[in-house]
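Input: a single structure, listed below in structure tokens.
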Amino acid sequence: MSRLAECIKRYWLLYFICLGVIIWGIFSWNTSSSFYERAFQKEALTISEEVEQCYVVSPDVYLEPGEYVAFLALSAGHGNLEFTVYDTYGVSRDNETGIVLGSFVLEAGSDVGSISFSVEQEMKHVHMQLTCSEEDAELISEIKVRSAEPIYHDSLVWILLALLVMAVFSVYTLWSGDKSDAEEKRKRLVIVGVLLLAAVIASLPIFYQTIYWGHDIWFHLSRIDGIAQGILNGQFPVRMHSNGNHGFGYASSVFYPEFFLYIPAVLRILGVSTYMAYKTLLVGMNLAAAVIAYYSFSKLLKSRKIGLLAAVLYILSLYRLINLYTRAAVGESLAMVFFPLLMWAVYEIVRGNEEKWLWTAAAYTCIIQSHVISVVLAAICILIYLLCNPGFFREKKRLIAMGKAAGTTLLLNLWFFIPLLTHIRYPYFSTEMNYRMRDGSLYLNQLLAVTGFQPQALSMDLGEAAGEMPYAVGFGLLAGAALFLVWYLLGNNEKGYFNKGSHSGVGLHRKIGIFCLWMSIGAVVMTLYPFPWDMVQGIPGLGKVLGIFQYPWRFLSVPALFLSVTAALGFSYFCIKAEAGRIMYAAGVAAAVFCALLYLNVFCEDSVYFLNREEMPMDKYDYMYTMADGNWGAFQQRNNQLEASRPGTVFTEFEHGYGHVSFRYAMDDRTEEDYIEVPLIFDPDYRIVYSTGNKDKEYDSGSEIEGGWSSNSLLTVSPPENEGVITVDYRLPWYDRVGDLLSLVTLLGLLGGVVWHRKRCRVNKGQGTEKRNG
């Protein structure tokens with residue numbers, strides 16, 4: 000405790016700032032910014048005129064559970080007006096669409112009015128409607144909805160951040176103690192400062208008050224919201240986003256890894272808005288990328304100085320930033336956080352200390368839990384590296400280490416693999432479609448651009464480069480790679496213009512650098528249009544695997560990673576004189592920063608942004624895993640009502656909640672071909688039970704029946720009788736739970752083993768010290 004007190008006394012300013020942030024966050028907990036509010040002026044309203052009435056309708060708003068007040072204001076006198084709040088997608092117990100949440104009549108002479116209403120479960124399509132005359136419609140000043148109580152607590156993020164900084168700094172200070180001298184502490188401070196600055200630069204668009212649009216941003220915001228709602232609904236782990244796709248549900252967690260999205264989802268549960276939770280995730284990704292890249296590259300290159308430069312080049316590499324912002328590809332960006340760790344970990348098994356195999360399992364597990372396509376890309380890179388090191392296959396201990404890593408990785412991820420494999424046997428759109436890779440090929444000039452221009456553009460087919468999204472490798476990486484190549488080819492010349500390296504690691508650096516260069520060149524060639532993609536995709540097996548990537552430019556993750564190492568070596572070794580070497584090192588950092596800032600500036604200036612968190616819809620999912628023989632996305636054209644193939648079918652007692660639907664039906668003259676279309680996207684884990692509806696019988700007396708899917712990709716049920724009650728619930732099968740349990744046991748076993756190993760090492764170290772002193 001005395002050491003902690005001394006730490007607080009010495010660094011009192013840091014603790015004082017963190018304490019001030021915490022106090023500010025507490026006082027900001029229930030301020031006006033914590034309330035939900037959407038206001039619409041006359042220009043934003045839709046006015047539809049009919050024979051006798053005029054209807055003024057607001058845009059749809061998204062409302063979370065809670066109490067709300069809707070306001071109406073007019074600028075002058077008027078006649079009697081009817082003001083109504085509707086849930087347009089809501090369905091009544093009698094299967095009638097549209098639910099009135101509240102209404103009132105504004106009498107003549109009153110200029111303002113309001114109505115309070117409750118929302119029991121989130122509603123994504125609520126609008127306010129005014130029924131009036133055409134003349135009165137011109138008098139509207141504003142229609143507004145506001146929460147009666149605070150909903151958002153975004154200041155919690157700052158409170159947690161301040162607590163985290165204090166905790167990390169205190170633990171580090173207590174752990175390091177007097178182990179390091181002043182010079183070593185100064186070096187560490189410089190390293191931390193450089194990494195923090197690089198992460199801050201990479202996060203600049205996040206620090207704006209707005210949130211910027213990216214290709215997939217709606218999907219990922221919806222995923223965060225879906226996980227939060229799933230947890231609140233009792234699911235864990237969450238596999239069905241019951242609130243997704245306009246309430247039709249979507250098994251996003253089965254097909255897309257979402258482990259790291261639980262972090263923003265927990266913030267969401269604690270009251271943080273979805274957009275602030277998303278921003279927090281991106282900042283965390285940049286900080287994690289900085290730390291992991293530095294640690295991994297320093298271990299790989301056995302040089303903290305070169306490892307630091309490689310980390311900066313990687314953090315600010317254009318393709319990583321393009322993934323983060325232009326594409327808003329959270330999964331791929333998360334995978335890129337762990338690529339450096341996997342790179343070093345595999346090197347240790349093949350050429351270094353194979354006893355560190357657990358790092359490979361950890362890195363590959365993190366990639367699996369980030370992005371499925373990146374798993375395949377990482378496997379291809381590992382295979383190429385192994386083939387380039389045939390000696391690995393002759394060393395039994397290294398083969399065993401790789402087997403341990405592979406087996407541990409499999410066990411750790413059974414909880415994800417089992418649901419995925421049981422689902423992809425169904426004919427989903429994504430598994431049935433065939434992408435022609437050549438259509439997404441690039442031209443060389445697109446890769447050689449100084450930075451990423453047109454960051455708000457979309458990907459286009461081959462031949463339409465004008466107005467297309469950026470694919471630049473980046474000037475910093477290209478310049479560093481060119482310097483490395485010159486040094487590699489001419490570094491042994493007798494005139495001594497180039498740094499030959501004065502330490503034993505130069506030979507290692509030459510081998511690593513040239514391998515990384517060749518890997519990058521190979522990946523770049525695969526993105527270019529002359530590459531024979533049509534022929535490659537015609538090869539049985541191989542074509543199917545490579546077709547998973549959908550677009551060749553996804554291979555740009557490879558040069559972003561490997562060229563960071565090669566470029567760092569080029570900037571570090573090119574000049575022989577110490578002063579010139581320092582200038583060249585600084586030039587490498589400057590080149591990375593310049594390219595990144597130029598791209599980020601253009602991105603922020605050209606982006607479509609959203610002024611507040613309330614304007615973001617939370618139901619923009621993709622349809623990749625709807626049924627292939629259906630009409631893609633057709634379910635969006637219908638509402639959440641029950642529909643039957645036989646006209647005249649009567650529905651009553653209809654309930655539609657999170658992962659649950661139940662209703663009573665009466666279908667006269669039913670045939671075996673008749674069916675009922677349930678407003679749920681088909682998933683094999685829905686449990687469908689038919690019962691007679693006799694209240695004297697228990698629920699379990701019902702019989703389970705099979706479901707199918709319609710041309711809308713929605714769940715269909717063939718009723719066994721003319722009338723009865725059908726209940727649909729989302730239930731995880733037993734084998735999913737077995738996978739969950741095996742992965743959990745593996746994780747706990749590994750954590751226990753690591754703790755035991757470290758404890759044994761401390762004991763052995765202490766015994767060795769006693770022997771030396773004795």
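So in numbering that gives the first Met the number 0, spot 522 of the sequence shown is number 521, and the numbers just go up one at a time.
Don't be surprised by glycine CBs; every beta carbon is placed ideally from N, CA and C.
In the structure shown, what three-state DSSP assignment does residue i receive?
i, result
"Glu347", "helix"
"Ile98", "strand"
"Asp93", "coil"
"Glu642", "strand"
"Pro236", "coil"
"Glu703", "strand"
"Met623", "coil"
"Ala69", "strand"
"Cys53", "strand"
"Trp517", "helix"
"Gly723", "strand"
"Ile142", "strand"
"Glu654", "strand"
"Ala328", "coil"
"Ala4", "helix"
"Thr691", "coil"
Can you tell me the Cβ-Cβ gap for residue i and residue j, rounded? I've got them flagged as a contact below 8 angstroms.
i, j, result
"Val20", "Trp157", "5 angstroms"
"Glu314", "Ala197", "A quick correction: the sequence has Ile, not Glu, at residue 314. Right, their Cβ atoms sit about 5 angstroms apart."
"Leu155", "Val60", "At roughly 24 angstroms, the Cβ-Cβ gap does not stay under 8 angstroms, so Leu155 and Val60 are not in contact."
"Ala566", "Gly475", "7 angstroms"
"Gly97", "Ser115", "At roughly 20 angstroms, the Cβ-Cβ gap does not stay under 8 angstroms, so Gly97 and Ser115 are not in contact."
"Phe259", "Ser369", "6 angstroms"
"Gly580", "Phe483", "The Cβ separation is near 14 angstroms, so there is no contact."
"Arg509", "Tyr487", "6 angstroms"
If the criterion is Cβ atoms closer than 7 angstroms, does the pair residue i and residue j meet it?
i, j, result
"Cys365", "Phe338", "no"
"Leu71", "Met122", "no"
"Gly658", "Met284", "no"
"Met127", "Val68", "no"
"Gly692", "Gly723", "yes"
"Leu641", "Thr526", "no"
"Val55", "Leu129", "yes"
"Asp533", "Arg437", "yes"
"Ile254", "Leu679", "Ile is not the amino acid found at residue 254; the sequence shown has Phe there. No, the pair does not count as a contact, with Cβ atoms beyond the cut-off."
"Ser33", "Pro149", "yes"
"Val801", "Ile381", "There is simply no residue 801 to check, as the chain begins at 0 and stops at 773 in what is shown."
"Asp86", "Val125", "yes"
"His214", "Arg92", "no"
"Glu66", "Ser117", "yes"
"Ile262", "Ala227", "no"
"Ala559", "Arg350", "no"
"Glu671", "Val688", "no"
"Gly542", "Gln549", "no"
"Tyr88", "Asn638", "yes"
"Ser710", "Phe681", "no"
Buried or exposed: which applies to residue i, given that a residue is buried once 16 or more other Cβ atoms fall within 10 Å of its Cβ?
i, result
"Tyr35", "buried"
"Phe15", "exposed"
"Ile675", "buried"
"Ser297", "buried"
"Glu182", "exposed"
"Ala595", "buried"
"Gly522", "It should be pointed out that residue 522 corresponds to Ala in this sequence rather than to Gly. By the 10 Å Cβ count, Ala522 comes out buried."
"Arg222", "buried"
"Ala288", "buried"
"Ser690", "buried"
"Pro64", "exposed"
"Asp153", "buried"
"Pro551", "buried"
Excluding the 5 residues flanking residue i on each side, which residues of the same chain have their C-beta closer than 8 angstroms to its C-beta?
i, result
"Leu340", "Ile291, Tyr294, Ser295, Trp358, Ala361, Ala362, Cys365"
"Tyr734", "Ile417, Thr421"
"Asn94", "Gln640, Leu641, Phe650, Thr651, Phe653, Phe662"
Excluding the five sequence neighbours on either side, which residues of its own chain have a C-beta within less than 7 angstroms of the C-beta of residue i, listed in chain order?
i, result
"Gly707", "Thr715"
"Ser563", "Ala309, Leu312, Tyr313, Ser316, Leu476"
Kindly list the residues whose CB is nearer than 6 angstroms to the CB of residue i, restricted to its own chain and excluding five residues on each side of it in sequence; keep chain order.
i, result
"Ala643", "Ile675"
"Trp356", "Ile348, Ala400, Lys403, Ala404"
"Lys41", "Ile139"
"Phe39", "Ser57, Ile142"
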